Amino acid sequence: MTGNTSETAALDGAALPQQDIRRVRSNPDFWYPVAWSRELRRGKAIGVRYAGQPIVVVRPDAGAIFALDDVCPHRQIPLSKGEVCGDFVRCAYHGLKYSRRGQCFSPGMKLEKEPPRLRTWPCREKDGLIFVFMGDLEKSDSVPLPDFPRARDPHYRTRRFGKVVQCHYSFMHENLMDMNHQVLHSRLVGSMKPRFLGMERGKDFVEARYTFARTAGRQPLSEALIYGQRRKDGRDFAYRDVMTIRTQYPYQTLRIETEGIDEPVMELWIAYVPQDREEFINRVFGLLSIRRLKIPFLLDLAWPLLIAFTERVFTEDREIVELEQQAWREQDGDRNQEVFPVIMALRQLLIQNGMPSQKDVG
Ligand code: FES
Ligand SMILES: [Fe+2]
């Protein structure tokens with residue numbers, strides 16, 4: 012992948028705006044995942060959020076899913092507490108019914124005036140994820156849904172995972188992009204020495220590449236399963252693998268390639284969806300695809316082990332970014348002394364593609 016040189020030059024020349032990155036709001040003009048398909052059975056509704064806006068996603072008895080504001084205009088009760096009746100969602104309190112177009116029907120209830128229509132949101136489903144578009148509605152048709160070819164590829168097995176993390180989404184992007192934090196995971200993966208290979212950047216992406224050497228400790232079994240290779244002496248395998256991490260606003264991907272195997276041995280797609288109005292809580296939606304080994308069912312056998320391993324790594328990352336957010340709160344702002352060029356570029360990207368906070372605007 013090559014960077015656009017004129018764009019890159021423009022970015023380098025631009026002064027970093029004086030904004031606290033943790034106050035930058037996510038740009039709503041994208042498709043954000045809000046739930047897993049498996050969370051929403053037919054004939055049910057689910058309440059989800061994007062940046063403080065409550066949304067109800069409805070899977071009617073027949074037909075496609077739809078999304079509405081999750082507030083009954085009558086007395087502000089979440090419609091997701093109600094029931095799905097045919098192609099309608101019925102409020103749990105007085106029974107007003109709402110269609111997929113947001114129109115209100117009042118079976119058995121005499122209304123003085125028409126209740127206002129509910130706002131509807133573009134809503135789509137793909138590869139086990141439910142997405143909504145909460146930005147400029149005219150853009151929803153032209154903004155592409157993310158694609159996950161590996162999730163459909165029989166040569167890979169894909170794990171769908173996610174948790175709620177109590178921090179601004181920017182801490183998540185920085186944590187994954189900055190592979191100099193191997194110390195944090197040394198109990199799980201041994202001592203890994205990263206080597207930074209370079210970076211590409213453009214108007215809407217930053218990409219960094221690394222390679223690694225194990226300097227102490229043993230290779231965990233889970234890693235052997237990913238590479239399809241038992242590596243007894245880490246020195247023999249130093250700097251053979253290349254990890255590429257890319258923030259393609261607003262999503263992030265990670266891929267690992269290794270010598271001798273044409274396709275990546277691992278690919279990750281991940282989105283951090285702000286939940287609250289201030290965007291200090293995010294819900295993670297991740298698809299982790301691992302290439303099947305020469306003996307394909309070996310990966311299935313070892314799957315629980317891999318899940319446990321990746322879950323432990325994720326927990327260590329979650330705890331550390333939540334501590335960063337806590338420090339931000341206690342110090343009332345970002346006091347980081349960051350010097351790594353990749354992270355500086357990433358911050359600039361998140362600021363330039365995001366929305367300024369009301370505080371910065373005002
Ligand atoms: S609050 Fe929903 S019908 Fe009354
Ligand atoms: Fe990490």
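For the sequence shown, our numbering assigns the number 12 to the initial residue and increments by one for each residue that follows.
Beta carbons are placed, not taken as given, at the ideal position from N, Cα and C, and that holds for glycine.
Every value quoted in this text rests on a predicted model; they were computed, and no experiment measured them.
Residues near ligand 1, CB to any non-hydrogen atom under 5 Å, in chain order?
Ordered along the chain, the selected set is Cys83, His85, Arg86, Ile88, Cys102, Tyr104, His105 and Leu107.
Run the CB neighbour count on Asp80, radius 10 Å, all protein chains shown included, and call it buried at 16 or more, exposed below.
It is buried - the Cβ of Asp80 has at least 16 other Cβ atoms within 10 Å.
For ligand 2, is there any heavy atom lying closer than 8 Å to the beta carbon of Glu379?
Any property of residue 379 remains undetermined from this structure, which presents the chain solely from 12 to 373.
Specify whether the stretch 253 to 261 and the stretch 140 to 150 touch according to this definition: at least 3 beta carbon pairs, one from each stretch, less than 8 Å apart.
They do not touch, by the three-pair rule.
Nearest CA to the CA of Arg141: which residue from Leu317, Arg303, Leu360 and Phe296?
This sequence places Ile at residue 141; Arg is not what is there. Of Leu317, Arg303, Leu360 and Phe296, the residue nearest in Cα terms is Phe296.
So, with DSSP's three-state summary, where would you put Gln363?
Gln363 falls in the helix class under three-state DSSP.
Please report how far the alpha carbon of Asp311 lies from the alpha carbon of Asp328, in whole angstroms.
Computed Cα separation, rounded: 26 Å.
Counting only the same chain and skipping the five closest in sequence on each side, list residues whose C-beta sits under 6 Å from that of Val67.
Taken in chain order, the residues that qualify are Ala56, Gly58, Leu79, Asp81, Leu90 and Ser91.
Give the range of the beta strand (DSSP E) segment to which Asn293 is assigned.
Looking at the DSSP string, the run of the beta strand (DSSP E) that includes Asn293 is Asn293 to Arg302.
Can you tell me whether Asn191 is buried or exposed? The criterion is at least 16 other CB atoms within 10 Å of its CB, across all chains shown.
Classification for Asn191: exposed.
In three-state DSSP terms, what is Ser368?
Coil.
Determine the extent of the alpha helix (DSSP H) in which Gln342 is found, giving its start and end residues.
Looking at the DSSP string, the run of the alpha helix (DSSP H) that includes Gln342 is Phe308 to Gln342.
Pop quiz: Arg34 and Ser368 are said to be a contact at Cβ under 8 Å. What is the actual Cβ separation, rounded to whole angstroms?
Indeed they touch by this definition, with Cβ atoms about 4 Å apart.
If you check the beta carbons only, do Val175 and Ile292 fall under 9 Å apart?
Going by C-beta atoms, Val175 is nearer than 9 Å to Ile292.
How should Val353 be labelled, buried or exposed, when 16 other C-beta atoms within 10 angstroms of its C-beta is the threshold for buried?
With 16 or more Cβ atoms within 10 Å of its Cβ, Val353 is classed as buried.
Specify whether the stretch 183 to 198 and the stretch 38 to 45 touch according to this definition: at least 3 beta carbon pairs, one from each stretch, less than 8 Å apart.
Output reads no: the stretch 38 to 45 does not touch the stretch 183 to 198.
Consult DSSP for Arg266 and reduce its assignment to one of helix, strand or coil.
The answer is strand: DSSP assigns Arg266 an E or B state.
Around the C-beta of Thr326, are 16 or more other C-beta atoms found within 10 angstroms, so that it is buried, or is it exposed?
Classification for Thr326: exposed.
Pro71 to Phe77, Cα distance in whole Å?
Each residue's Cα considered, the two are about 8 Å apart.
Looking at chain C, is there any beta carbon in it that lies within less than 9 Å of the beta carbon of Gln177?
Absent from the structure: chain C. Only one protein chain is present.
To which residues does DSSP link Ser202 through a beta bridge?
DSSP output for Ser202 lists Ala227 as bridge partner(s).
Tell me, to the nearest whole angstrom, how far the beta carbon of Asp138 is from that of Phe159; I am working on the premise that it is less than 8 Å.
Rounded, the Cβ-Cβ distance is 5 Å, consistent with contact.
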